[in-house]
Amino acid sequence: MNRLIFALAGLVLIALGVWFIINHVAPTTGEKVASIIDWYPEKEGFVLTLNINGKLYKCYTNATHIHLNKPVEVVFEEGNKPVLIKQDGKTFKVFRWERLRTIERMPYVRR
């Protein structure tokens, strides 16, 4: 009986480990589809707040014209760093990015 309990506990731990890796490890390379939550202009381009698989990122880009209601593709390089944002065949460079824990209140928006 004890062996059965230990075997079931081991399977549960393995399943939890696989679930954690799938859901909590950031993408290493490739492209991910993201939705635009917020944006504001700066002199270099737009600063976008993106939702990628439930995680929030703030990306400083050189985008000057972007459709806010369409999803964008974020291209990652090795080391979990987004380097490009693509939308409708246009490619924009990401200068800087930050991982956000919550949606920040923007100082220029009246609430």
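Start counting the sequence shown at 48; every next residue gets the next number (the working numbering).
Cβ atoms here follow ideal geometry from the backbone N, Cα and C, with glycine treated the same way.
For a test of the three-state rule: what should DSSP assign to R148, helix, strand or coil? Note: R148 maps to coil in three-state DSSP.
Where A110 sits in the DSSP three-state scheme: coil
Contact criterion: CB-CB distance below 8 angstroms. Does T108 meet it with respect to chain B? You won't find chain B in this structure, because it holds only one protein chain.
So the beta strand (DSSP E) P118 belongs to, where does it begin and stop? Note, P118: premise wrong, no beta strand (DSSP E); not H, not E.
Within 8 angstroms, strictly: CB atoms of G136 and A110: With contacts defined as CB atoms closer than 8 angstroms, G136 and A110 fail to qualify as a contacting pair.
Nearest to I99 (by Cα), restricted to the options Q134, N49, A54, I83: I83
Presumed contact (8 angstroms Cβ cut-off) between Y87 and V80, rounded CB distance: Incorrect: roughly 22 angstroms between the Cβ atoms, too far for contact.
Residues bridged to W86 (per DSSP): W86 pairs with L95.
Could you tell me which residues DSSP puts in a beta bridge with L103? According to DSSP, which records beta bridges pairwise, L103 is partnered with N98, L147.
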